[in-house]
Structure formats: structure tokens, C-alpha cells
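Peer 1:
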Amino acid sequence: MKNQALDGPKQRMKVFVTRRLPPEGQKLLSKSDLDVQQWDSDDVIPKEELLKGIEGADGLLCLLTDTIDKEVVDAAGPKLKVISTLSVGFDHLALDEIKQRGIKVGSMQHLSTDVTAELAVTLLLTTCRRVPEAMEEVRNGGWKTWSPMWLCGYGLSDSTVGVMGLGRIGLGIAQRLKPFGVKRFLYTGIPPCLKSVEELKAELVSTEKLAEESDFVLVSCPLTPETAGLCNKDFFQRMKKTAVFINTSRGPVVNQEDLYQALVTGQIAAAGLDVTTPEPIPTDHPLLTLKNCVILPHIGSATHGARNAMSVLAVNNLLKGLAGEVMPGGIEL
Ligand SMILES: O=C(O)C(=O)CO
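Everything in the sequence shown is counted per this note's numbering, starting at -9 for the first residue and increasing by one.
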């Protein structure tokens, strides 16, 4: 039998959680034997609270709204072993600093692929068929009669769709769009499954060609130094005047001033954004004055099922990582 007096009581590992979690993840966390300290709020944690809270932590569970930079990992100190993020994207994590310290990182992997692809399709259809504008006309008395060219948009049948970043989500988008009668798929990026690409007869092209030949451009690439600002003046000038642009990845992939100019001058037909820079986009932002721009508040993965499942995976990543086991959503650094 172990001598408790000599060994001392087993110290519980400390984890810091930067937000209230969806119920299923919260329940799992509460059953663990970790010393859980949490920012018990639905609001973003202020940086100074994060710096205080993470001190001496073995693990961190964070959100995409938390910037985990050198200052934060320094404040944590040498015990920090695992960072689990409740997101697919990890552009908010200073990966170099994290890697240098041998900290393991877990994210969502495939978990929110379907719902995010579904939202991208929703946003595309909403934007290309001018749904918010049409609803507004019903409310404000603009609906006078059925009229041949009133509120005409663009349909997907026989179109060319360009997916920038044919990863898991990009592929999910293309697969969902195929039954709408899309004639041709173009893509950039590295597909997760070549067989699916063959089934779609999707063509790997340059970013320029994708811009020039697509009727609908959907951005689903991660934010990296290479993709930041990729959709800029030159990109929009290459697009067709009848083309529709959709971004469900990260705001900074798009130069918003250039997008505004492209929309206001009729360089492109319309845009739908689920992500902006910054988030939230200020309510007086020029893009919000445009009828041909539909903006959603970053709800790509916002279904009850997905968010609960994401929170369970985020907690499991934390538990497994701290136990020295393989994290189900571990990422290669
Ligand atoms: O999981 C992510 O990275 C998101 O952007 C949530 O929709």
C-alpha cells in the first residue's frame, strides 16, 4: 500500500477554460478530476483575465476568439502541456511558440465539416437569389406586382463553381452543390480524397483562372500567410461581372476595401460573407450599406448538434492530451 503521508495528496492538474461551453462538453468537463478554472461567461475573456487565469495551468481550452500568443504561453509557465481549441481553424494560435515549448494542440478536425459546408451552400443560395433583399421588399411595401425582371439573381444550373481550398469543407461544399446541376468545378488547394475529386470531375487550376472562369467563387481555405489578402483588387477584377463571391473561411483572406469597390462598381454581382475583419463587423461599415452584400455573424458551425459535439471533442482532446494519450483531434505541428 502506498504511504499517503510520504507521497502527499495527489495534485490535481489545473486547466483553464476561456468560456462557458455547450452543455455536453461542460457536463463531461465537470465529471473530470481536473482542477477546472473557467471564465464563466458567454463573452470574450479580456486579455488580462486570460493572462491571470492561465498562470500555472497544465491545460488550456480556448476558442477562436482568443489570441494565444507568446505572452499567453509565457504567462502559463512551463507546466502547460496541452491546448485544445473549440474550432477547426487554428490561426489564432502562435504555433511556432507552442511547438517550441512542446505543447500539444487539439482541434476539431472533421467534426464541423458537414454543418459548415451546409452553411456555405445556404449563404450562396441566399446571396445569388437575393433572398434578404426580397424579404425586405415584402416588409417595406416594395412588392407592387409580379414583374419579369424584378429581383432576378443567378442560378446554379449549368454554372461553373470555383472552390478556393478544396479541403474537407470545400469538398463538402462541392458535393452538396453538384445536385444543383453545376456543370464544372474548379478548385485550388489539396483535396482530402482524390476519388471524390474524380467523381466531381473537379479541375485543379490557378487562383487567377479560378477567379476568371467561375460563376460562383466559394472560399474555404485556412488563413495562412499565403492566403491572407488573397482575394484582393486583382482577384475581383478578374472575376465575371455576373459572378457571386462567398467567404466562409476567415475574414482576412479578403481585402474588404477591394471587395467593397468591386461590389459598389458592379465589378462583381454580389457577395456573401460569414466571416469578416474585424468580428463583429462595425455596424457602420460600408459593406453593410450594400444590397448586394449578405453578411452573417460567423455561424458556419452553429447547430446544436455540432456545437455540442465540438465541445465534447475539445474536452476529450484536453483529457487525453493531459493523460499523455493520443488526442482524437490532435494536429501535427
Ligand atoms: O471552427 C472554426 O474554425 C470556425 O470557424 C467555427 O465556425
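Ideal placement from N, C-alpha and C gives every residue a C-beta, glycine not left out.
#1: Quick one: grab the DSSP three-state call for glycine 132.
#2: Can you give the Cα-Cα distance for valine 207 and cysteine 142, rounded to whole angstroms?
#3: List the endpoints of the continuous beta strand (DSSP E) containing serine 74.
#4: Would you decide whether methionine 283 is buried or exposed? Buried here means 16 or more other CB atoms lie within 10 Å of its CB.
#5: Exposed or buried, what is arginine 120 when buried is set at 16 or more other beta-carbons lying within 10 Å of its beta-carbon?
#6: Across which residues does DSSP place isoleucine 163 in a beta bridge pair?
#7: Secondary structure at valine 234, three-state DSSP: helix, strand or coil?
#8: DSSP three-state call for arginine 174: helix, strand or coil?
#9: Which residues in the same chain have their Cβ closer than 8 Å to the Cβ of lysine 199, if we skip the five residues on either side of it in sequence?
#10: Ligand 1 and glycine 320: does any heavy atom of the ligand fall closer than 7 Å to the residue's C-beta?
#11: With a Cβ-Cβ cutoff of 8 Å, do aspartate 23 and lysine 4 count as a contact?
#12: Tell me whether the region 33 to 53 and the region 65 to 81 touch, counting them as touching only if at least three CB pairs, one residue from each stretch, are closer than 8 Å.
#13: Look up leucine 53 in the DSSP assignment and say whether it is helix, strand or coil.
#14: Leaving out the 5 sequence neighbours to the left and right, which residues in its chain are closer than 6 Å to aspartate 290 when beta-carbon positions are compared?
#15: So, under 8 Å CB-CB, serine 74 and leucine 308 are touching, yes? Tell me the CB distance rounded to an integer number of Å.
#16: Kindly identify the DSSP beta-bridge partner or partners of glycine 320.
#17: Would a C-beta distance cut-off of 8 Å place valine 234 and alanine 260 closer than the cut-off?
#18: Determine the burial state of leucine 249: buried for a count of at least 16 other Cβ atoms within 10 Å of its Cβ, exposed for fewer.
#19: Mind checking alanine 218: buried by the 16 CB within 10 Å criterion, or exposed?
#20: If we count the other Cβ atoms within 10 Å of its Cβ and call it buried at 16 or more, is aspartate 205 buried or exposed?
#21: Please say whether glycine 79 and proline 212 have beta carbons closer to each other than 8 Å?
#22: Expressed to the nearest angstrom, what Euclidean distance is found between the alpha-carbon atoms of glutamate 269 and aspartate 86?
#23: Are the CB atoms of leucine 146 and isoleucine 236 nearer to each other than 8 Å?
#24: Leaving out five residues before and five after valine 111 in sequence, what residues of the same chain have Cβ atoms less than 6 Å from its Cβ?
#25: What does DSSP give as the partner residue(s) for phenylalanine 6 in the beta ladder?
#26: Would you report the Cα separation of valine 305 and glycine 15, rounded to the nearest angstrom?
#27: Which term fits glutamine 246, buried or exposed, when burial requires 16 or more other beta carbons within 10 angstroms of its beta carbon?
#28: When DSSP labels each residue in this structure, what does cysteine 118 get in the three-state scheme?
#29: Write down every uninterrupted run of the beta strand (DSSP E) in the region 203 to 231 whose length is 3 residues or greater and which is fully enclosed by it, in chain order.
#30: Identify whether glycine 192 lies in helix, strand or coil by the three-state DSSP scheme.
#31: Taking the straight line between their C-alpha atoms, what separation do you get for alanine 192 and arginine 174?
Peer 2: Put simply:
#1: In the sequence shown, the residue the question calls residue 132 occupies position 142. Three-state result, glycine 132: coil.
#2: In the sequence shown, residue 207 corresponds to position 217, counting from 1. In the sequence shown, residue 142 corresponds to position 152, counting from 1. Between valine 207 and cysteine 142, the C-alpha separation is close to 19 Å.
#3: What you label residue 74 is simply residue 84 of the sequence shown in a count that begins at 1. Looking at the DSSP string, the run of the beta strand (DSSP E) that includes serine 74 is 72 to 75.
#4: In the sequence shown, residue 283 corresponds to position 293, counting from 1. Checking the sequence shown, residue 283 turns out to be cysteine, not methionine. Buried: at least 16 other Cβ atoms inside 10 Å.
#5: As a working mapping, residue 120 is identified with position 130 in the sequence shown. Arginine 120 is buried by the Cβ-count criterion.
#6: As a working mapping, residue 163 is identified with position 173 in the sequence shown. For isoleucine 163, DSSP records no beta bridge to any residue.
#7: Taking the sequence shown and counting its residues from 1, one reaches residue 234 at position 244. Valine 234: strand per DSSP, three-state reduction.
#8: The sequence position of residue 174 within the sequence shown is 184, counting from 1. Looking at arginine 174 - three-state DSSP - the assignment turns out to be strand.
#9: As a position in the sequence shown, residue 199 is number 209, starting the count at 1. So the list reads Leu176, once near-sequence residues are dropped.
#10: Along the sequence shown, one-based indexing puts residue 320 at 330. For ligand 1, not one heavy atom lies less than 7 Å from the Cβ of glycine 320.
#11: In the sequence shown, counting from the first residue as 1, residue 23 sits at position 33. In the sequence shown, counting from the first residue as 1, residue 4 sits at position 14. The criterion of a C-beta distance shorter than 8 Å is not satisfied by aspartate 23 and lysine 4.
#12: yes
#13: For the purposes of this step, residue 53 is taken as the residue at position 63 of the sequence shown. Per DSSP, reduced to three states, the secondary structure at leucine 53 is coil, with no helix or strand assignment.
#14: Position 300 of the sequence shown, counted from the first residue, corresponds to residue 290. Strictly speaking, residue 290 in this sequence is glycine, with aspartate absent from that position. Correct list, in chain order: Thr106, Leu109, Thr238, Asp264.
#15: As a working mapping, residue 74 is identified with position 84 in the sequence shown. As a working mapping, residue 308 is identified with position 318 in the sequence shown. About 4 Å separates the two Cβ atoms, so the contact holds.
#16: If you number the sequence shown from 1, residue 320 lands on position 330. Beta-bridge pairing links glycine 320 to Gly96.
#17: The residue labelled residue 234 in the question sits at position 244 within the sequence shown. The residue labelled residue 260 in the question sits at position 270 within the sequence shown. Yes, the pair counts as a contact, with Cβ atoms nearer than the cut-off.
#18: Locating residue 249 in the sequence shown gives position 259, counting from the first residue. Counting Cβ neighbours within 10 Å, leucine 249 comes out buried, since at least 16 surround it.
#19: In the sequence shown, the residue the question calls residue 218 occupies position 228. So alanine 218 ends up on the exposed side.
#20: As a position in the sequence shown, residue 205 is number 215, starting the count at 1. With 16 or more other Cβ atoms within 10 Å, it is buried.
#21: As a position in the sequence shown, residue 212 is number 222, starting the count at 1. As a position in the sequence shown, residue 79 is number 89, starting the count at 1. Contact flag set, yes.
#22: Counting from one through the sequence shown, the residue named residue 269 turns up at place 279. Counting from one through the sequence shown, the residue named residue 86 turns up at place 96. Approximately 25 Å between the Cα atoms of the pair.
#23: Position 156 of the sequence shown, counted from the start, is the residue given in the question as residue 146. Position 246 of the sequence shown, counted from the start, is the residue given in the question as residue 236. Result no, Cβ atoms of leucine 146 and isoleucine 236 do not sit closer than 8 Å.
#24: Here residue 111 corresponds to residue number 121 of the sequence shown, with the count starting at 1. Excluding sequence neighbours, valine 111 sits near Arg166.
#25: As a working mapping, residue 6 is identified with position 16 in the sequence shown. Beta-bridge pairing links phenylalanine 6 to Gln27, Leu50.
#26: The residue you call residue 305 lines up with position 315 of the sequence shown. The residue you call residue 15 lines up with position 25 of the sequence shown. Spanning the two alpha carbons is a distance of roughly 6 Å.
#27: Taking the sequence shown and counting its residues from 1, one reaches residue 246 at position 256. Residue burial annotation: glutamine 246 is buried, with at least 16 other C-beta atoms found within 10 angstroms of its C-beta.
#28: Position 128 of the sequence shown holds residue 118. Correct three-state label for cysteine 118: helix.
#29: You should have 206 to 209.
#30: Here the question's residue 192 lines up with position 202 in the sequence shown. Glycine is not the amino acid found at residue 192; the sequence shown has alanine there. DSSP places alanine 192 in coil when its eight states are reduced to three.
#31: Translated into the one-based positions of the sequence shown, residue 192 becomes position 202. Translated into the one-based positions of the sequence shown, residue 174 becomes position 184. If I take the Cα positions, the gap works out to 7 Å.
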